[in-house]
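Structure first, then comments.
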Amino acid sequence: MLGRLARWLRLSGYDVAYLKRRRDKEILDLAAREDRILLSRDSLLCQRAQKMGVRCLFVESSDVLEQLKQAVEKLGIRLSDTPVYSRCPKCNGEIIKAGEESIARVPEMVRERVEEFWECSECGQVYWEGSHWRNIKDVVRKVRDVQDTEEG
Ligand SMILES: [Zn+2]
68 MLGRLARWLR LSGYDVAYLK RRRDKEILDL AAREDRILLS RDSLLCQRAQ KMGVRCLFVE
128 SSDVLEQLKQ AVEKLGIRLS DTPVYSRCPK CNGEIIKAGE ESIARVPEMV RERVEEFWEC
188 SECGQVYWEG SHWRNIKDVV RKVRDVQDTE EG
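With our numbering, the residue at position 11 of the sequence shown is 78, and numbering never jumps.
Following this line, the structure appears as structure tokens:
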């Protein structure tokens, strides 16, 4: 249910494990073992987590902007709009500067106008500041705007 939120947190550099269709116990065990904070829209799961001493954020909204805002406020998440501080939104791998071989796989018309490329150290996906990253900057700005409005 929180796939989009997971991808956004990875884009800001957070190590996010995303579990689909797992049993509660499996999720809680993993969170405890790896000392993770559990984010869930399931209030019962959050209650069970708290009993086990696992930190849990009960995500209130189904809207990803609201979810990000809640994560920023409750967990002190810092949103980043710079790819170099990110994790791969697809697989959670670390993002590194792209090597020559990886850059060679990028379409030529992109290579002509883009100077910097990054790649995922796990899955090899290549990233650059194209429209994709412009969207990210927009969303980060929106989340910040909402906060500024509420604070002022
Ligand atoms: Zn990856």
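Heads up, the beta-carbon is just placed ideally off N, CA and C, and yes, glycines get one too.
What residue range is occupied by the uninterrupted beta strand (DSSP E) comprising residue i?
i      : result
Glu93  : Taken as a continuous stretch (DSSP letters only), Glu93 belongs to no beta strand (DSSP E), being part of the alpha helix (DSSP H) at Asp91 to Arg100.
Leu124 : Cys123 to Phe125
Ile162 : Ile162 to Lys164
Just to confirm, does residue i get its C-beta within under 6 Å of one of the non-hydrogen atoms of ligand 1?
i      : result
Gly160 : yes
Cys187 : yes
Lys157 : yes
Cys113 : no
For the alpha helix (DSSP H) that residue i lies in, which residues bound it at each end?
i      : result
Val193 : Segment Val193 to Trp195 is the beta strand (DSSP E) holding Val193; no alpha helix (DSSP H) there.
Glu189 : Where Glu189 is concerned, there is no enclosing alpha helix (DSSP H), given that its DSSP letter is neither H nor E.
Ser107 : Taken as a continuous stretch (DSSP letters only), Ser107 belongs to no alpha helix (DSSP H), being part of the beta strand (DSSP E) at Leu105 to Ser107.
Gly70  : Gly70 to Leu78
Excluding the five sequence neighbours on either side, which residues of its own chain have a C-beta within less than 8 Å of the C-beta of residue i, listed in chain order?
i      : result
Arg115 : Asp91 and Leu95
Within the same chain, show all residues whose beta-carbon is closer than 7 Å to that of residue i, passing over the 5 residues directly before and after it, in chain order.
i      : result
Gln192 : Cys155, Lys157 and Glu186
Glu127 : Gln137
The region 147–162 / the region 87–96 touching (three or more Cβ pairs under 8 Å)
Contact between the region 147–162 and the region 87–96 is absent: fewer than 3 CB-CB pairs across the two stretches fall below 8 Å.
So, does the region 132–148 touch the region 169–187, judging by three or more C-beta pairs under 8 Å?
The region 132–148 is not in contact with the region 169–187.
Under 8 Å, with one C-beta from each stretch per pair, do the region 108–115 and the region 177–185 reach the 3-pair mark?
Below 8 Å, too few C-beta pairs join the region 108–115 and the region 177–185 to call them touching: fewer than three.
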